[in-house]
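One structure is given here, and the rest of the page talks about it.
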Amino acid sequence: MMQDDMLLCEHGLGENPVDTDPGAWALHDPTVDLDGDGVLDTRAYADGDAVLVASDLDVDGTADHLTSVEADGEYSAWQAHRQPDGSLRWERTDHGRL
Ligand SMILES: [Ca+2]
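Here it is in structure tokens:
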């Protein structure tokens, strides 16, 4: 099991990352260039009946966008905000059912 996958198991794919407090979510070995700037910034993780897409759009090594999609179509999107003390606060920016 890779480190990322362990992180994922540790934090779960819960519909509410804030509840599980992911803090700074290190994003290793991204595989997708989401914004088309030539830099790989996004990686998808699968865990049974759910998929989590993590993006590090400012390429600082930690995810700043998370989107989870459950098998039943429930989805939620989250954005990280850096706090003055250096910690991350996750804000849910969208949710619903596909
Ligand atoms: Ca980032």
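Here the sequence shown stands for residues 1208 to 1305, where the numbers follow the numbering used here. Every residue, glycine too, gets a C-beta built ideally from N, C-alpha and C. All of these numbers come straight from a predicted model, not from anything done at the bench.
Item	Value
Spatial neighbours of residue 1246 in its chain, beta-carbon cut-off 8 angstroms, leaving aside the 5 residues before and after	1240 and 1266
Residues bridged to residue 1269 [DSSP beta-bridge criterion]	1233
Length of the line joining the Cα atoms of residue 1276 and residue 1288	21 angstroms
Contact test: residue 1274 Cβ vs ligand 1 heavy atom, cutoff 6 angstroms	no
Coarse secondary structure for residue 1278, derived from DSSP in three states	coil
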